[in-house]
Amino acid sequence: MEKTHTQLSLTLEAAQFLAQKAIDHGLTIGFKMNAVVVDVAGNPLVSLRLPGAPLPARDFAEKKAYTAAVYGWPTDKWAQILEGRPVITAGLAQHDRVAMFGGGLPVAIEGAVVGAIGVAGGKVEQDIACAVAALEAFNSL
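No gaps in the numbering here: position 20 of the sequence shown is 62 in the working numbering, and each next residue is one more.
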């Protein structure tokens with residue numbers, strides 16, 4: 043019997059890169075936002091906030107990142123996943139760290155989730171665009 047296992051997780055340097063790329067994209071498309079990157083267990087590694095970003099957006103960004111990391115899929119998929127499942131939807135809505143709307147993406151290396159990024163502060167489409175831009179830049183390394 044094995045008593046332990048090794049689980050890969052993002053480095054601080056990788057988390058900083060992802061958050062900065064999301065911020066850079068937010069500046070490019072003209073909105074003020076927050077970007078939070080978490081490790082594989084959903085623990086925050088980096089949080090960046092553009093001055094003037096809505097104050098609650100930091101919490102939403104962290105919730106999106108946490109949700110994407112621990113469940114392993116983009117947060118904009120929740121509506122589809124939960125369709126016709128009111129009991130599960132109600133249960134998840136009670137979990138204060140879960141966000142069920144777009145802007146959170148898992149970060150995977152060779153198919154294994156190693157962390158996630160969450161972006162908040164704009165329209166959902168803007169949040170998603172910034173998270174996607176960060177992930178694309180990361181995956182091109």
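Quick reminder that beta carbons are idealized off the backbone N, C-alpha and C, glycines included.
TODO: Pick out whichever of 45, 160 and 65 has its Cα sitting closest to the Cα of residue 94.
DONE: Closest in C-alpha terms to residue 94, from the list 45, 160 and 65, comes 65.
Within the chosen definition, does the segment 82-91 reach the segment 48-65 through at least 3 CB pairs nearer than 8 angstroms? In the pairwise beta carbon analysis, the segment 82-91 is classified as touching the segment 48-65: at least three pairs are separated by under 8 angstroms.
query = Which class does residue 140 belong to by DSSP, given the choice of helix, strand or coil?
reply = Reduced to three states, the DSSP call for residue 140 is coil.
With DSSP as the reference, label residue 133 as helix, strand or coil. Residue state, collapsed to three classes: helix.
C-alpha distance - residue 158 paired with residue 103, whole-angstrom precision = Here the alpha carbon of residue 158 sits roughly 10 angstroms from the alpha carbon of residue 103.
Discussion item. Considering just the uninterrupted stretch of the beta strand (DSSP E) at residue 188, what are its terminal residues?
Written reply: Given that the chain is displayed from residue 43 to residue 183, the structure contains no residue 188 and the question cannot be resolved.
Query raised in the report: Hey, out of 108, 73, 44 and 50, whose CA is closest to residue 154's CA?
Result: The candidate whose alpha carbon is nearest that of residue 154 is 50.
Exercise. Hey, is the segment 106-121 in contact with the segment 157-174, meaning 3+ C-beta pairs nearer than 8 angstroms?
Worked result: Contact between the segment 106-121 and the segment 157-174 is present, because at least three Cβ pairs lie under 8 angstroms.
### Message
Short of 8 angstroms in beta carbon distance, which residues of its chain neighbour residue 167, apart from the five on each side in sequence? Order them along the chain.
### Response
Non-local beta-carbon contacts of residue 167 in its own chain, meaning distances under 8 angstroms to residues more than five positions away in sequence, involve 144 in chain order.
### Task
Look at the alpha carbon of residue 97 and the alpha carbon of residue 74, and state the distance between them as a whole number of angstroms.
Here the alpha carbons of residue 74 and residue 97 stand approximately 11 angstroms from one another.
By a C-beta neighbour count over all protein chains shown, 10 Å radius and 16 as the cutoff for buried, is residue 137 buried or exposed? Exposed, because fewer than 16 other Cβ atoms sit within 10 Å of the Cβ of residue 137.
For a test of the three-state rule: what should DSSP assign to residue 61, helix, strand or coil?
Annotated three-state conformation of residue 61 is helix, per DSSP.
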